[in-house]
Every structure is written in C-alpha cells, then in structure tokens.
Amino acid sequence: MSLAEIRLDDKYRLATGHLYLTGTQALTRLPMLQKQRDAAFGLNTACFISGYRGSPLGGLDKSLWDAREYLKENHIHFQPGVNEELGATAVWGSQQANLFPGARYDGVFAMWYGKGPGVDRSGDVFKHGNSAGVSKHGGVLVLAGDDHGCKSSTIAHQSEHAFIAASIPVLNPANVQEVLDYGIIGWELSRYSGCWVALKTIAENVDSSAVVDVDPLRIQIKIPEDFQLPEDGVHIRWPDPPLAQEKRLNVYKIYAARAFALANNLNQVKLDSPNPRLGIITTGKSYLDVRQALDDLGLDEALCAKVGLRVLKVGMSWPLEPVSVHGFAEGLDEILVVEEKRSIIEDQLTGQLYNWPVGKRPRVVGEFDEEGNSLLPNLGELTPAMIARVIAKRLAPIYSSPTIEERLAFLDAKEKALAVPKHKTARTPHFCSGCPHNSSTKVPEGSRALGGIGCHYMTQWMDRSTDTFTQMGGEGATWIGQAPFTDTPHVFQNLGDGTYFHSGHLALRAAVAAGVNITYKILYNDAVAMTGGQPIDGELRIDQLSQQVHAEGVKRIALVSDEPDKYPTRATFAPGVTFHHRRELDAVQRELREVKGCSVILYDQTCATEKRRRRKRGKMVDPAKRAFINPAVCEGCGDCSVKSNCLSVLPLETELGRKREIDQNACNKDFSCLEGFCPSFVTVHGGSLRKPEAVGLSALFIALPEPKQPVLNRPWNILLPGVGGSGVTTVGALLGMAAHIEGKGCTVLDQAGLAQKFGPVITHIRIAARQSDIYAVRIAAGETDLLLGCDLVVSSSEEALAKLNDKIAHAVINSHEAATAEFTRNPDAQVPGAAMREALSEAVGEGKTRFVDATRLATRLLGDSIATNLFMLGYAYQQGLVPVSAEAINKAIELNGVAVQLNQQAFLWGRRAAHDLAAVEKVAAPKVVEAPHCSTLEEIVADRVQRLTAYQNAAYAERYRELVERVRKADTDAQQRLSKAVARYYFKLLAYKDEYEVARLYSDATFRKQLEAQFEGDYRLQFHLAPSWLSKPDAVTGQPRKRSFGPWMLKAFGVLARFKFLRGSVLDPFGHSAERRLERELIEEYEANVAYLLGELNAGNYRTAVALAEVPEQIRGYGHVKEAALAKAREQASQLKARLTVSEIAAVQLFEPAA
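Be aware that the sequence shown starts at 1, since it is given in the UniProt record's numbering, and climbs by one per residue.
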C-alpha cells in the first residue's frame, strides 16, 4: 500500500485538502479559512481573538500560540483575556474599529472562547455587544465550551440558555468537520444578521480528532431573498440609543438569523420515509448518537424508510427555524426530540406546533413522554444506548425485530452485570509528583480550609480538611456570609495565582472590607497548571503580588517557599513580609489563624510539571540531586507519603513486607518525602541516573510474519484506557495519523477530565474505510472490538466494562498493578488484580483476553517504562487486532518526531512478544535472578534465623526458633497459617531497628549495590536522620526534626555496627531511652500473647489467633510514628484477646478508605 506524503504542519500550511485535525486545531485553522475566504471575495479583513481558557477549550490558547507565524500571515491578532468578561469586552471593541477614522481594514471578524461558566460570567457583555451588533465586514463568533457530564468542571453546564437570554443565535456542530463548516457559517450569519453568533463546543467536537475536508470556499452562502432588512441595516453604529438597539435586535436581527438558516439549509432531513410515522429531531453530538443508536438497532436507511422513520438534524438550535420544522412535521404521528441537558428545541417546537389543528399536530416527546414520565433525562450526558432504548420503545407499536430485541437484552444484561462490581478500586485524579499543592494545601490541626478553582480543587477528596468550593473568583466570599453565624473563628482559603489574576483579587478585597478572619493561601506556582501550564495573561511577580495584597489592606503577609533564600533582594516586597521555608508552614498557619482580619500566605513554588518542562528545555536548572530509599531500613509506615502526598513514592514488595521506593523517572525533585520521619532516606548529590540496560536494542530476533488485519466492513473500535501523563493519548494520536496516512477514516476522542493528574484516561479510537462511515466518536456500549488496556485499574472500571460485549470484543491488557492515589493515605492499599482480571475475562471471554506485563518487559527491553504503551500497541497489532499497517504506524511515529527510535522499537518488541512471548521473556530475563519470597514455614524460619544471627548472634536466633517451634507443634492447620504468622511477626519485633541495626544495614554491601544499580558517576551521599539524642524538637509539634549528615556517616555507621553486642546490656548507651525500652517490652508482650493464644487455641477461634499473631504488622515506623501505630495495634490486640473465647471476630478498620 502506498502511503500519503504528510507533514505535521499540513494542518496550517496546506490551503486545501483532507487533513487530520483535532477539534482544537480546527478552531485554530478556522480564522485562517475565513481570512482566505474574504480575500477570495476581495475583502481586506483581519481577525481578533480573545477569551479565557477552560476545558474543553483549555488548550486553544496554546494551539494559537504554536501557530503564531500562520496567524501573523493571515492578519490574526490573538490577545488572551485576563478573564472571560474582559476578553468579550475586547471582542466588542473589535467591532467598533470601523466606526472611527484610521481603520486599516474593511472589517475585523472576531472570535471569543471560554468555558461554560465563563459564558455566564460574560452575560452582561454579550447582551451589550449583541445589542450593539457587528461591523458589516466583521462578525463575532462566540465559542462556548460546555461540559455536560461535568468531567472536568465544578458544575455540569450548558450555555444555550445564557445565549438565549442575550438573543444570540446558537450553532451546534456535531463533529470536527462541522466545527470548520459551522464556524464559517457563523461569521457569515453574524455579518448578515448583525448578531453575535455562538458555536457550541464539547469534548466530542474539540477533544476529538478526525479527517476533515479543508477548503476556504467549501461553504457556499446564500443570502435570503425573501427577508427585508431595515433601510439603515443591522450593523453596529454610533451614536446608537439603547432602545434603537433593542428594536433592531428584536424586530429584525433575530428574524434575519432564522431567514439565513432557512436559505442555507441549516436544518436538514438526514433520513426520510415515503410514509413517515415517527420523526426524530436532534442536533449536534446527539445527532451522531441517534445515528449510532439506529445502527445498533439494525435500522439502516432503507429500513428506516420502510418502517416510517424520519430524522431532522438541526444546525441552529436557537432560534429554531420554523419553515423547515413545519415541513418535517407534516404527516407524522409523533416527534421524538433528542437533545442533551435542558430542552431547547423541544420547547420551541411545541410552541411552533401549538396552533396546528389537533388532528394534524404530532405528539411531541423528549425529556418526558406523553404521560409526564421521564424519557430522555436532562442529567449528565446521553449515550447511544439510552437513545436506542427510547427509539425502540417509541417504535414498538409499529415495528420491532430480532436485532432490536437482542440489543435491548444485551443492554439489560450489561446493566445488571455492572450493578454487581467485582471490585471497588478506582483511579482518582491526584496531584502531580512534586506538586506544590502536596504541601501548600495542608492546614493545622483544628483548622479547616475552603476550596476553589484550580488543581487544589482535588483536595476535597484528600485528607486535607478542605470542604466546599466556589466559582472562579469567589474564593473566600462564602466565609463573609458564614462568619457572623458560627463559633468557628477563622478559615483558610486556597487561591491559585491564575485565579487571583483572573478575578480572585476582588474576593480578597471583599474579605478585607468585611473584616472577617480569614487567611488566603495564594498558591504562586508560576503557571496556569490546570489547563496545561500556560503563563498568566500578564505580569505578576511574587513581589508585585505582595505589594498588591498589602495595598488592598492586608497587614500580615508571610511568604513560604521551598527556596526562601532565592530572592535577590527583599526590598521590592511589601513592608512587613516575613520569609519562611515550607517546613515552617504549619507554624506560620498557626500564627496567622490568630490574626484578626484578613491575612495572606504567599506560597511560592513552581508547578512541578512546568518545572519538568523547563528543565528539559534547559530553561531551568536541574539540580544534581536525587532521593533514594534504603529498603532495608524502611519500615513501610507510609509517613513519607503522608508528608509528601506524592505518587512517585511507590510500594516495594519484599520478603520482609511492603517497603517504599522512589520512581526516579516520575520524580520531580520536590524532596518533601525527606520530611518523613524515617532514617531510610538518602540524597545522592552529583553523578547521574544509571540508564537501565536496554537489552532489547541489541538483541537479535526472527523476522515476524505480517498479521491479517481486521476487515473494515464497519468501523473498528479500539478502547484505550490508561493513566494520565503516561502517553496514552499519544497512542490514540498515532493510530489516527496512521489511518489518515492510509487514506482511511478515523476519529479519536480523548476523555481525560482531571486525568492529567494520575487519573483515568480513556481514548476512543474508531477506524473506518471511509470517514462518512463513522457517526458517534464515542464507542457505544458493547461495541468495542479491541480493549487495549494500558492500565489494569482503568481497564476494569465500570466505564470500560460497559463498552465490552463477549460476542465481538478482544482484549490485550497490561497486567502491571500500578498503585493508585489511595496509597498516599493508606500504606496497605492494594490493587485487587485478580478481581480485575476476572471481571475483564468475563466481559470479553477468557479465550480472547490476553494479559501481559508490558511495563516490566518494556522497561527491561528498552530501559524506560514510557515505552509500555507502544509495546502494548505492537502486541495487539501482531494479534491482528489493529486495522492499519505497521508501515503506517511507524510513519506516524516518525512524523510525531518524539523519541522515534524508542517508540518504533517498543512497537516492534510488542509485536515480537505477541508472536513468541517465551523468547522475549528469555531476552528480558535479568542476569541476576532474585530469590523467590519464602512460602513454606521451613523457608521462613531458615531465612529469619540467618537474619537474626546477623542482627545479634546465634543465641538470639535460637530464642526465635524455640517459640516458633512451640507454635508449630500446636498448629493443626494444614496451611500452618498461625505458625507462619508467628514466624514472620515475632522476627519483626525481635529485629527492631535501633541505632546499631540502622548502622549495620547501611554498612551492608547490599546498600552500596542498590545505589550503584541506580546511579553512576561521581556522587556523594547525604543521610537524613533524627536520632532522639541529637535532634532538636520542633517548637510547634514537639517532634524531633531531621538533620542532614554527610558522606562521613558511612564510616560512622561501620564503626557503630560493630558495637551491636552492647544491645540491651547495661553498657548500651542507647538502650536506656524510652523508645528502646518500649521495643524490648513489645517482644515480651508478644511472647505472652503467643503463650495465651496457645492456651486458648481451638478450631473455632483459629482465625482470631492468626489475627492476634499478625498484629505486629501494624507496628511500623520510627519514633512518634511508631508510637501512634502501636496505640492502634494494642487496641486491636486487646479486642482480639478478648474474643479468643468466641468463634469469630468482626473486622477492625485501621484506616479511612480513600474516596
């Protein structure tokens, strides 16, 4: 097959052609098309763009900046607004350019963009601007970003009603092609009618990609011949009294828009019948859902004509053009209106048909049926499955079929299956590794905080005493209404610097004016992180910010930073600002909560993701410093996760239980994990990360046979679940481009929400022989052909399982069990892999479900876990489950231009694994194989005796062996569960980690080997310790503070380790401390507990006895962390001992489950 010659910049470079574009790129190309179109008609125009970012339009500003050279060529001026309202006001100004002398163009057409809540915020400007009108050769297109499903918003929203209130016509594009087409129509409609025109955007037409036809002259506009405009026209003018504007708008402009819609056939009958009975009126995304639902029910064009089904696609949902609607309604018994959220078309339709004779007037149903029962709810989003059920129900009196019955039965069965989930683990969005909010959003004990707009919104499902939120810019104002009526004296309010610059400063001003006791924590992270790391739209240095809030009347300002010494001068800051390291945040907050009135903490730390970008581009110093955890010293207590809230601190399963390790690839060098009260942390200064040996790059492998590709007699559907930030969306983009290179049709929809923060991403990929074969961009229930599961947790989520039907589905799943955000709050959090695999096998069919540990294999073969997803794609390709060629995929990787060799090799090794997994495993096998974990009692005892001998001496080990032997003799259980529990946990208490043991574990050669496995070059070590006899207690918490010690500590450890023979003797200088006495006491307690349970042991209380023997599992950590764990463990042990005389014990909850 010959592949098309394609360049990445074709999307803006080529004047015409079939191009593969995302919705965001289409919106970037749109004003260029309008400019080129105007030039073709002899007009010298320019364009002005302003607005404010927000999903699904969160990346539009970045896309416009990336295309700045093309914008300049086409006289397009992009100036992002400080907020939506001011951006809209600037757009209004663009239409005034030709009212005064000096205009350089025939007209300026303008585009405003904003999220749905930004539409609400800009309502006053929209009313004024639309009332005033547009210039004759200008025009205004208003892009409204709606989030019907509330996937990445604080409220589900639709914007039509706001536009109706402002008398702004609304165009509703269904897909990326219509974004271009309706965009051109919108400006032409605006020029003709004098109205501002709204273009509704949602994830389906902005976050999706498709092959589209790009041509400035593709749309042919017809000027209405039967509508009389006023003699003085409908365009903007000056002077222009308000009542004259009102008359022009209400008498002419709205009706001119309806006439334009009729003349240009914006409402189109897409399916018809010679004897129509049931009509469906729909618009935008819902039209594609209707077509998909009809396909799912087996209702093709011919069958629809036969059974009497007619479908009208409405292009302008308000005002509804009546002539085409009346023609459509003629002869129908019933009209079903399918539209998402609150009704727009249905309300207009019933009004337009109201005066029809009763005998001719069709019944209208939509949100409700004729009896007032809910039919298509206005909640969340509609799906093809929901619509199919309703269509089948309304068709039932006149038509049914085995296909319809089968589809309905499948939906019912799937619903029942999902109602009984195999597991409840979810992948919730979380802060990035090293995110400033991990530290900045903490509040002191006894205080509470209020949420707001930004990444810190996610604190609501973390353990951060943060409750409720406001709209953007309202942060803190809710407290003004609460404070007079509560005994709570004070609250903290989180406020991002981007939100502060947008409008939040007004809320702070209001709090000062009201005199309420509130501390604003202004999170200065140097980027608008929530939408992609864009800069603030103007200048806002941290010293300027301090001056601003001081000028507003804030008297007490504290600056907290991870680098408080980085400011070249403090003279430019407001008077009285105090400077603090972030480790002092708790003390600073305790002080400020006592301050009367409004106080401010400026928390200055660069966004972690932005910091990573700048370091990669050489725009920020990358410190030659990394954190490392000595797993032998680590107790697995999780205090480092509590302190850092960071998902780069990962679980490490060892023979001695779960420990911690640092994910060096994901770590953003925040180092807050070092604050965990534990001596296992070491920082490595200098040197570099040792690149994992990429054994696959030089390995030889047999030539691979080409698999047979799926036949595209219908669209082939690939569902791609994964984790945000791991490259999942890249795979979708590569497949889309590969399909385009081969001349096939394709759509790709990335459903991300907050998923860039470790949350779930699900990409819907649909590949067809022709673009016209694809309707809905989202895969319908049960219609996935390939589940390409890059993450086990997301793959087994309800959303993914709903798309699977064992009659057609195949699955290739990465079996790697990656930790979820729950791990930061619950050190024992587990990914229930077995239950997840069972759920997937049931949904797909065991013989068609393939699990492969792609993360392990890709990392071992190619040296980087980022290769995992392309490895997965290669595996699925070789199984014959991807309908594009390897040549096209490799070409797409080449075009993408990022890590080309790595990605092509990952794809190739995935293919090889599918062809001969055993051979690939052989290549990937490590040179040094780790000993398997002990499984039998004999193995456990032998291992622990060896460890205790090294810990102290042979006599100490014999003490251990004797107690375990006593238990073994009394243990009648075939699996020896009690004996194994005592063998593991008696050892744990005997081998308590005192100064001698920590020194021995650092002196051990294993520690040096582990370091050398990860680092190379000339590096030195720093140890972060808090020995009770050397550390000063924190002034606020009373807990010892950690100190850093240089490389000399290694020699000191070596010397100290030799004195372990002093342990527990009268000469032991450390043995007299309260902590060491407690540890010896715990050993005696355990021995007494074992003796007690052996005396009470019987078949009825065996499980209780095992639980009692396992209690030391909960005793982890050092110092105060261990003491807190011990208090819970003793309480549990007390309950268990009391229950030994009964048959069973109720589960004891030791932690709060994560949301």
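For each residue, glycine too, the CB sits at the ideal point set by N, CA and C.
In this text the structure is predicted, and so the values were computed from the model without any measurement.
With fewer than 16 other beta carbons inside 10 angstroms of its own, residue 213 counts as exposed.
Between residue 1025 and residue 1043, the C-beta gap is smaller than 9 angstroms, which places the two residues in contact.
Your pair residue 387 and residue 307 does not check out as a contact, with CB atoms roughly 17 angstroms apart and the cut at 8 angstroms. For the pair of segments examined, the segment 70-85 was found to touch the segment 45-52: the number of CB pairs separated by less than 8 angstroms reaches three. With a cutoff of 9 angstroms on beta-carbon distance, residue 296 and residue 780 are scored as near each other.
Our two residues, residue 20 and residue 210, have alpha carbons roughly 6 angstroms apart in a direct line. Measuring C-alpha to C-alpha distances from residue 784 to each of 246, 869, 882 and 878 identifies 882 as the nearest. By a beta-carbon distance limit of 8 angstroms, residue 109 contacts residue 139. Their separation comes to about 5 angstroms. Secondary structure at residue 788: strand, using DSSP grouped into helix, strand and coil. Looking at 275, 58, 12 and 280, the one whose alpha-carbon comes closest to that of residue 207 is 58.
In the assembly as shown, residue 852 is a buried residue. Its beta-carbon has 16 or more other beta-carbons within 10 Å. Remark: fewer than three beta-carbon pairs, one from each stretch, lie closer than 8 angstroms, so the segment 466-485 and the segment 707-720 are not flagged as touching. Between residue 822 and the set 832, 515, 741 and 816, the nearest pair of CA atoms involves 832. Taking a C-beta distance under 9 angstroms as the contact criterion, residue 325 and residue 365 do not qualify as a contact pair. By the Cβ-count criterion, residue 177 is buried, with 16 or more other Cβ atoms from all chains shown falling within 10 Å of its own Cβ.
In the DSSP assignment, residue 1083 falls within the unbroken alpha helix (DSSP H) covering 1074-1096. From the listed residues 1116, 251, 395 and 67, the smallest Cα separation to residue 827 is found for 1116. Every unbroken stretch of the beta strand (DSSP E) spanning 3 or more residues and falling wholly within the segment 294-362 is given here in chain order: 309-314, 316-318 and 334-338. Contact between residue 40 and residue 288 does not hold, since their C-beta atoms are separated by about 31 angstroms, which reaches or exceeds 8 angstroms.
DSSP places residue 746 inside the beta strand (DSSP E), whose first and last residues are 745-751.
For residue 652, the beta-bridge partners assigned by DSSP are 659. Excluding five sequence positions before and after residue 802, the CB atoms of its chain that fall closer than 7 angstroms to its own CB belong to 414, 418 and 781, given in chain order.
Taking residue 166 as the centre and dropping the five residues before and after it, the same chain places the C-beta of 126, 127 and 130 closer than 6 angstroms to its C-beta, in chain order.
Put simply, of 1058, 412 and 966 the residue whose alpha carbon is nearest the alpha carbon of residue 1000 is 1058. For residue 640, the enclosing alpha helix (DSSP H) stretches over residues 639-644. Nearest in C-alpha terms to residue 183, of all of 993, 937, 957 and 29, is 29. Its chain contains 353 as the residues whose beta carbon lies nearer than 7 angstroms to that of residue 361, once the 5 sequence neighbours on both sides are disregarded; these appear in chain order. Spanning the alpha carbons of residue 134 and residue 164 requires a straight line of approximately 18 angstroms. Counting only runs of at least 4 residues, the segment 46-122 fully encloses the following alpha helix (DSSP H) elements, listed from N- to C-terminal order: 60-66, 68-73, 84-94 and 116-121. Here residue 869 is not near residue 747, since their CB atoms are 9 angstroms or more apart.
Residue 1092 holds the alpha-carbon nearest to the alpha-carbon of residue 1140 among 697, 1092 and 1124. When rounded, the separation of the alpha-carbon atoms in residue 774 and residue 749 is 13 angstroms. Taking a 10 Å sphere around the C-beta of residue 223, we find fewer than 16 other C-beta atoms and assign the residue as exposed. A straight line joining the alpha-carbon of residue 457 with that of residue 522 spans about 14 angstroms. Around the beta carbon of residue 313, 16 or more other beta carbons lie within 10 angstroms, which makes this residue buried. In the structure shown, residue 497 adopts helical secondary structure according to DSSP, grouped into three states.
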